[in-house]
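Quick note, the sequences are listed as chains A and B, same order. Under this note's numbering, the final residue of the first sequence carries the number 260; numbering is consecutive throughout. Under this note's numbering, the final residue of the second sequence carries the number 425; numbering is consecutive throughout. For each residue, glycine too, the CB sits at the ideal point set by N, CA and C. One structure is given here, and the rest of the page talks about it.
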Amino acid sequence: MIKVENLSKKYKVKGKDIFALREVDFTIEDGEFVIIVGPSGSGKSTLLLTLGGLIHPTSGKVFLDGKSIYALSVKERAEMRKTSLGFIFQTFNLIPYLTSLENVQVPLYLAGKSPVEQKNIATQLLTKVGLGDRLEHKPSESSVGQQQRVALARALANNPAVLLADEPTGSLDPALSEELLSWLVTLQKEGHTIVMVTHNRDAVRYATRSMTLINGSVSENGQIVS
Amino acid sequence: MRRPLLAAVAEVAAARQRNKMRSINIVIKELYERKSRLLTALIIIILGIGVIVGIRTMTHFSEKAVARELDSLGANVLILPKSATISDYYTADLVGEELPEAYVDVITTSDLQGVDNLSPKLTFPVTIDEEDVYLTGILPLNEFTSKPLWQTAGTIFSLPEGCGSVSVPVSDKATSTRNRTIDSLAPNEVLVGSEVASRLNLLVDSPLIIKGEEFTVTAILPQTGTVDDGRIFAHLHTVQRLFETGPVVNVIEMVGCCSELSKGLLVDGLNKLLPDAKVVTIGQIVNTQQNTNNMMSKFSVISLIIVVLIGGISIANYMFANIHERRKEIGALLAIGATPGKICAIFLIKAAILGLVGGIIGYFVGTILAVTLGPRIADVPVLPLPSLLGYSVLISILLTTLSSLIPAIRAARMDPADILREI
Numbered sequence: 035m036i037k038v039e040n041l042s043k044k045y046k047v048k049g050k051d052i053f054a055l056r057e058v059d060f061t062i063e064d065g066e067f068v069i070i071v072g073p074s075g076s077g078k079s080t081l082l083l084t085l086g087g088l089i090h091p092t093s094g095k096v097f098l099d100g101k102s103i104y105a106l107s108v109k110e111r112a113e114m115r116k117t118s119l120g121f122i123f124q125t126f127n128l129i130p131y132l133t134s135l136e137n138v139q140v141p142l143y144l145a146g147k148s149p150v151e152q153k154n155i156a157t158q159l160l161t162k163v164g165l166g167d168r169l170e171h172k173p174s175e176s177s178v179g180q181q182q183r184v185a186l187a188r189a190l191a192n193n194p195a196v197l198l199a200d201e202p203t204g205s206l207d208p209a210l211s212e213e214l215l216s217w218l219v220t221l222q223k224e225g226h227t228i229v230m231v232t233h234n235r236d237a238v239r240y241a242t243r244s245m246t247l248i249n250g251s252v253s254e255n256g257q258i259v260s
Numbered sequence: 003m004r005r006p007l008l009a010a011v012a013e014v015a016a017a018r019q020r021n022k023m024r025s026i027n028i029v030i031k032e033l034y035e036r037k038s039r040l041l042t043a044l045i046i047i048i049l050g051i052g053v054i055v056g057i058r059t060m061t062h063f064s065e066k067a068v069a070r071e072l073d074s075l076g077a078n079v080l081i082l083p084k085s086a087t088i089s090d091y092y093t094a095d096l097v098g099e100e101l102p103e104a105y106v107d108v109i110t111t112s113d114l115q116g117v118d119n120l121s122p123k124l125t126f127p128v129t130i131d132e133e134d135v136y137l138t139g140i141l142p143l144n145e146f147t148s149k150p151l152w153q154t155a156g157t158i159f160s161l162p163e164g165c166g167s168v169s170v171p172v173s174d175k176a177t178s179t180r181n182r183t184i185d186s187l188a189p190n191e192v193l194v195g196s197e198v199a200s201r202l203n204l205l206v207d208s209p210l211i212i213k214g215e216e217f218t219v220t221a222i223l224p225q226t227g228t229v230d231d232g233r234i235f236a237h238l239h240t241v242q243r244l245f246e247t248g249p250v251v252n253v254i255e256m257v258g259c260c261s262e263l264s265k266g267l268l269v270d271g272l273n274k275l276l277p278d279a280k281v282v283t284i285g286q287i288v289n290t291q292q293n294t295n296n297m298m299s300k301f302s303v304i305s306l307i308i309v310v311l312i313g314g315i316s317i318a319n320y321m322f323a324n325i326h327e328r329r330k331e332i333g334a335l336l337a338i339g340a341t342p343g344k345i346c347a348i349f350l351i352k353a354a355i356l357g358l359v360g361g362i363i364g365y366f367v368g369t370i371l372a373v374t375l376g377p378r379i380a381d382v383p384v385l386p387l388p389s390l391l392g393y394s395v396l397i398s399i400l401l402t403t404l405s406s407l408i409p410a411i412r413a414a415r416m417d418p419a420d421i422l423r424e425i
């Protein structure tokens, strides 16, 4: 379960305080697929990265399975990201000089898995997302859709309870967007908790719940849309 | 259908074997992928280490050569024609000008104290079987007494011992100086340096024609690494007769000893005794050589400082640029659970690999330069110094890792939020 309490994040831009998040409160239960919709600059990415333990909030708390993640040390938060969280980004952020297989192996290596385990798990995951025959292709040799699937496999490498997706369909055409969202639905049904931020309101039909973030505040907190 | 499936499985299996994921693999793959970008940094390290290794190697062999020459010469005082310079020390008998051989008698009949041995020499270039060599006239026992390296040449000489070592029965030092010029080489006998023997295929008892006269090789001298290896030695009076010079020499080498030498009394006495000759002590020679070697040592220290400064700044610049280029990667790695320490380690491993490769290649570049250019610059034969490999690698790794420390720490402290939000 993810619990956000009175979460605020303030940036200083040219001497002025800019609030990316203002006293945000919400709870996401295990197994939910929550989409947070909002226009550019509304604070979506800041919220997602704060949930992922990557941005210290100015005030407020984020709990993951009852633990206040910003009370943890840097090392403990890194450990938490390794084991409990998976990230998917709009631009995939694959390591360009590594193959698909190696990209998926990296989080497994960071989690301390043996080379044999790394290869086995990475191969299984890439096969699962339909890339079993493209293990040795580098990102530059793969299509956008394939890169996004590698990124998805990498996010799933350590079988995290929570998947955090930052505009994952932002670089995809409608067909590939649908394919990715279907994957996320499948993963949610397999028990993963999914939190996705996007500016694309059409995506909310795949979610079990949606929220809208405007100027750093949650203005809507709806139940199942479709 | 089975074959494609098996082929696919085999391909997957092969791929599995190929892929190992560790920090060092990430670093090596990144280096391989972006090899052109690290070339400049690597060239700077290689050149820097190469210059240091080159200078150190040449200095080492120059120092060795000085020690070897001095050791082989044995003499610590030279009596030269007035026009000779200190740089003529090792080839003092090739200056062309001559001294009267009578100077030897002047010294031996004087009451000068502290003279252990006198070795007059007269040298001329000769051509034998179309090979150019030097024929040096010596008084054999005197020559042998002053040259420890010749003592293994055979049974024709006996080993001298200690200060005042000429094997002539003496009652006191004053009389000993008057009985030093002893003949032990017959008029038709020659001693041959090892290099000449090799070039002319000479063995003991081989006949040899010099200026129309037949000689017999009495002994092949052991290799000394000095100019003596390229010479043929005959009796001084034989050479004087062959070249019709009369009783002259080019140089008189002297082994001086005891307090007379250390207090400068011997040199003062020689200067008074032989006002038309130049008396040079080994101290002056050593000082000149040491000054040259010290200059090279200082130059190598200056080079090291320049390499550390320029190399360090270049590596740091390269690392900063590399970190900026890879900030997306750093953000992604932090997001998937890499600790700042792991990020720092990745860049330091990269720096260490650069140092290792730069150090090894730099060592070989420096060694090749030293071996190739050493004989021309330092006028000594230069060989590889394997012991410098370890130092090269150590200095190189220290340089690259220390230069990369600040960039690596900066990479580790990058705010993932800044990176990931700009993506």
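Worksheet entry | From B:T111, B:V53, B:R24, B:V198, residue whose alpha carbon lies closest to that of P149 of chain A | B:R24
Worksheet item: Is DSSP giving L33 of chain B helix, strand or coil here?
Response: helix
Worksheet item: Between H226 of chain A and G87 of chain A, is the Cβ-Cβ spacing less than 9 Å?
Response: G87 of chain A is positioned such that its CB atom lies no closer than 9 Å to that of H226 of chain A.
Item to complete: Express the C-alpha separation of G214 of chain B and E197 of chain B in angstroms, rounding to a whole number.
Response: 22 Å
Worksheet item: Under 9 Å between C-beta atoms, does A199 of chain A make it to chain B?
Response: no
Discussion item. Rounding to the nearest angstrom, what Cα-Cα distance links F123 of chain A and P91 of chain A in this structure?
Written reply: 21 Å
Discussion item. Any beta carbon of chain B sitting closer than 9 Å to that of L128 of chain A?
Written reply: yes
Item to complete: Rank A:E175, A:A187, A:L215, A:Q182 by C-alpha distance to the C-alpha of S13 of chain A and give the top, closest one.
Response: Summary: the structure shown does not reach residue 13 of chain A, with chain A confined to residues 35 through 260, and so no result is reported for it.
Worksheet item: Terminal residues of the continuous beta strand (DSSP E) containing Y393 of chain B?
Response: In the DSSP assignment, Y393 of chain B falls outside any beta strand (DSSP E) and lies within the alpha helix (DSSP H) extending over 389-414.
Item to complete: Scan the stretch 310-338 of chain B for residues whose Cβ lies nearer than 8 Å to a Cβ of chain A and list them as they occur along the chain.
Response: K330, E331, G333, A334, L335, L336, A337, I338
Worksheet item: G86 of chain A versus chain B: which residues are under 8 Å apart at the beta carbon?
Response: A337
Worksheet item: Rounded to the nearest angstrom, how far is the Cβ of L221 of chain A from that of A199 of chain A, given a contact under 8 Å?
Response: Not really, about 10 Å apart at Cβ, beyond 8 Å.
Worksheet item: If you run the structure through DSSP and keep just helix, strand and coil, what is P130 of chain A?
Response: coil
Discussion item. Quick check on K344 of chain B: does DSSP put it in helix, strand or coil?
Written reply: helix
Item to complete: Check E213 of chain A in the structure and name its three-state DSSP category.
Response: helix
Item to complete: Identify the contact partners of L132 of chain A in chain B, using a Cβ-Cβ distance below 8 Å as the criterion.
Response: I28, K31
Discussion item. Does chain B have any CB closer than 9 Å to the CB of I89 of chain A?
Written reply: yes
Item to complete: Taking only beta-carbon positions, decide if A340 of chain B is within less than 9 Å of chain A.
Response: yes
Practice prompt. State the DSSP-derived secondary structure class of L239 of chain A, mapped to helix, strand or coil.
Written response: A quick correction: the sequence has Arg, not Leu, at residue 239 of chain A. In this structure, DSSP gives R239 of chain A a helical state, which the three-state scheme calls helix.
Discussion item. Please list, in chain order, the chain B residues whose beta carbon lies closer than 9 Å to that of V238 of chain A.
Written reply: By Cβ distance, chain B contributes nothing, its closest Cβ being about 23 Å from V238 of chain A, past 9 Å.
Practice prompt. Give a yes or no on whether 9 Å exceeds the smallest Cβ distance from R39 of chain B to chain A.
Written response: no
Worksheet item: Is V140 of chain A closer than 9 Å to I338 of chain B when the C-beta atoms are compared?
Response: yes
Item to complete: Give a yes or no on whether 9 Å exceeds the smallest Cβ distance from P409 of chain B to chain A.
Response: no
Worksheet item: Is it a yes or a no for the stretch 350-367 of chain B touching the stretch 394-411 of chain B, going by three-plus beta-carbon pairs under 8 Å?
Response: yes
Practice prompt. Hey, could you find the ends of the beta strand (DSSP E) H237 of chain B is sitting in?
Written response: Counting along the chain, the beta strand (DSSP E) containing H237 of chain B begins and ends at 233-237.
Discussion item. Rounding to the nearest angstrom, what Cα-Cα distance links V252 of chain A and V38 of chain A in this structure?
Written reply: 12 Å
Worksheet entry | Run of the alpha helix (DSSP H) containing S205 of chain A, from where it starts to where it stops | It is not in any alpha helix (DSSP H) - S205 of chain A carries neither H nor E in the DSSP assignment.
Practice prompt. Could you name the residues of the same chain whose beta carbon sits closer than 6 Å to that of T117 of chain A, not counting the 5 residues immediately before and after it, in chain order?
Written response: Within the same chain, T117 of chain A has close Cβ partners N192.
Worksheet item: Taking contact to mean at least 3 C-beta pairs separated by less than 8 Å, is the stretch 199-218 of chain B in contact with the stretch 125-133 of chain B?
Response: yes
Worksheet entry | Cβ neighbours of A145 of chain A in the same chain (closer than 7 Å, five flanking residues each side left out) | So the list reads K116, T117, N192, once near-sequence residues are dropped.
Worksheet item: When you compare each of B:N273, B:F349, B:T402 to E32 of chain B by their alpha carbons, which one comes out closest?
Response: B:F349
Worksheet entry | Closer than 9 Å to chain A by CB, R412 of chain B | no
Fill in: DSSP beta-bridge partners of T232 of chain A
A:V71
Discussion item. By DSSP's criteria, F53 of chain A is part of a beta bridge. Which residues make up the other side?
Written reply: The partner list for F53 of chain A (beta bridge, DSSP) reads A:K44.
Worksheet item: If you draw a straight line from the alpha carbon of A54 of chain A to that of V310 of chain B, how long is it in whole angstroms?
Response: 46 Å
Item to complete: List the residues of chain B whose Cβ lies closer than 9 Å to the Cβ of L261 of chain A, in chain order.
Response: Look at the range of chain A in this structure, 35 to 260, and you will see that residue 261 of chain A is not part of it.
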